[in-house]
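Just below is one structure, and these are the notes that go with it.
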Amino acid sequence: MIFLTRRATFSASHYYWNAAWSEEQNKQVFGRCANRNGHGHNYTLEVTVAGDVDPVTGFVADLKWLRDVIERDVLAAWDHRHLNLETPEFASAIPTTENIAIAAWNRLEPAVLAAGGAQLSRVRVYETPEIFAEFRGEA
Amino acid sequence: MRAFFGRRYLISASHRLHSDVLSAEENRTTYGKCNNPYGHGHNYIVEVMVSGAVDPETGMVVNMAVLDEVVRTKVIGRFDHTNLNLDSYFVNRVPTTENLCRAVFELLKDALPAGELENVRVEETENNFFEYRGE
Numbered sequence: 001m002i003f004l005t006r007r008a009t010f011s012a013s014h015y016y017w018n019a020a021w022s023e024e025q026n027k028q029v030f031g032r033c034a035n036r037n038g039h040g041h042n043y044t045l046e047v048t049v050a051g052d053v054d055p056v057t058g059f060v061a062d063l064k065w066l067r068d069v070i071e072r073d074v075l076a077a078w079d080h081r082h083l084n085l086e087t088p089e090f091a092s093a094i095p096t097t098e099n100i101a102i103a104a105w106n107r108l109e110p111a112v113l114a115a116g117g118a119q120l121s122r123v124r125v126y127e128t129p130e131i132f133a134e135f136r137g138e139a
Numbered sequence: 001m002r003a004f005f006g007r008r009y010l011i012s013a014s015h016r017l018h019s020d021v022l023s024a025e026e027n028r029t030t031y032g033k034c035n036n037p038y039g040h041g042h043n044y045i046v047e048v049m050v051s052g053a054v055d056p057e058t059g060m061v062v063n064m065a066v067l068d069e070v071v072r073t074k075v076i077g078r079f080d081h082t083n084l085n086l087d088s089y090f091v092n093r094v095p096t097t098e099n100l101c102r103a104v105f106e107l108l109k110d111a112l113p114a115g116e117l118e119n120v121r122v123e124e125t126e127n128n129f130f131e132y133r134g135e
């Protein structure tokens with residue numbers, strides 16, 4: 001089995017806020033991320049698929065196909081958007097890096113499954129070069 | 001939902017690779033430039049990865065401020081701007097990056113909640129890195 005990873009970047013704004021909590025509790029837990037005017041990041045998304053090498057093409061997956069899936073299913077919805085205010089998954093869930101990784105997985109999985117080839121293996125999201133979260137589809 | 005959270009930290013430190021069980025000649029052959037008697041230094045990147053269930057209230061695996069404080073207290077405060085050869089962990093161990101990686105893992109494993117620490121990666125330069133998962 002070979003693992004193939006494609007990187008993509010998107011820029012978006014967000015804030016951390018739990019509506020069930022007081023303003024004080026939000027500020028205590030989330031610090032500067034609780035600023036309701038929001039702030040933004042240049043995110044890097046790494047999508048890894050795994051599978052056997054096709055004996056005819058030598059590919060695990062066509063990189064152009066994977067790029068197009070990422071572009072259509074993730075970047076078109078998130079790039080240059082406010083995650084809290086403009087994306088359905090973060091209308092209720094807090095757009096932490098962890099939740100962004102899970103949401104990216106959920107957006108990508110149908111197209112990868114439908115293609116019937118390589119399996120989605122992991123999604124890693126870098127919020128900054130120093131902070132990242134990863135989801136491997138585990139319950 | 002189980003997810004992973006990773007964070008990268010910087011440690012600047014000096015070291016000299018030298019084993020007391022090898023002769024001077026063997027040390028020079030084994031470690032080359034790294035055996036220079038006066039030592040040398042690196043900007044090490046320490047990448048700490050933890051895992052756990054995503055808390056539905058916070059959307060987080062771990063509160064980064066809490067993780068930062070543990071790493072700052074246990075690892076950065078101990079090794080940053082020091083000579084690794086003089087640290088007690090390296091009394092009987094050569095301060096290779098393999099051993100530094102293990103030291104960081106062991107120090108953090110004891111300080112973090114059980115089962116949380118997944119992987120420690122230490123990058124010595126842009127071109128080499130080491131990982132330890134407690135195996």
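Protein sequence lines, in the order shown, are assigned to chains A and E.
The numbering used here numbers the first residue of the first sequence as 1 and each following residue consecutively.
The numbering used here numbers the first residue of the second sequence as 1 and each following residue consecutively.
Built from N, CA and C at the ideal position, the CB exists for glycine as well.
TODO: Give every residue of the same chain whose Cβ lies closer than 8 Å to the Cβ of residue 109/E, excluding the five residues on either side of it in the sequence, and list them in chain order.
DONE: 117, 134
- [ ] With distances taken Cα to Cα, identify the nearest neighbour of residue 70/A among 92/A, 112/A, 29/A.
- [x] 112/A
TODO: Alpha carbon to alpha carbon, how far is residue 12/E from residue 107/A? Give it in angstroms, no decimals.
DONE: 40 Å
- [ ] Over the uninterrupted beta strand (DSSP E) stretch that includes residue 125/A, give me the two end residues.
- [x] 119-128
TODO: Using a Cβ-Cβ cut-off of less than 8 Å, give me the residues of the segment 59-74 of chain E that come near chain A, in sequence order.
DONE: 59, 60, 61, 63, 64, 65
TODO: Please say whether residue 97/A and residue 127/A have beta carbons closer to each other than 9 Å?
DONE: yes
Task: Closer than 9 Å to chain E by CB, residue 36/A - done: no
Open item on the list: Just to confirm, is the Cβ distance from residue 2/A to residue 47/A under 9 Å?
Closed with: no
Task: Where residue 132/A meets chain E, residues with beta-carbon distance less than 7 Å - done: 6
TODO: Could you check how far apart the C-beta atoms of residue 79/A and residue 133/A are, in whole angstroms? I think they sit under 8 Å.
DONE: With a Cβ gap of about 18 Å, residue 79/A and residue 133/A do not count as contacting.
Open item on the list: Given 8 Å as the limit, tell me if residue 31/A has its C-beta closer than that to any heavy atom belonging to the ligand MN.
Closed with: The ligand content of the structure shown is nil, which means the ligand MN is not present either.
- [ ] With distances taken Cα to Cα, identify the nearest neighbour of residue 83/E among 73/E, 100/E, 68/E.
- [x] 100/E
- [ ] Return the CA-CA distance between residue 65/E and residue 127/E, expressed in angstroms with no decimal places.
- [x] 29 Å
- [ ] Please check the pair residue 44/E and residue 122/E, which I expect to be a contact at CB under 8 Å, by giving their CB distance rounded to whole angstroms.
- [x] 6 Å
TODO: Flag residue 136/E as yes if its beta-carbon sits less than 9 Å from any beta-carbon of chain A, otherwise no.
DONE: It is not possible to answer for residue 136/E, since the shown part of chain E is limited to 1 through 135.
Task: Sequence-distant residues of the same chain with beta carbon closer than 8 Å to residue 77/A, five excluded per side - done: 87, 107
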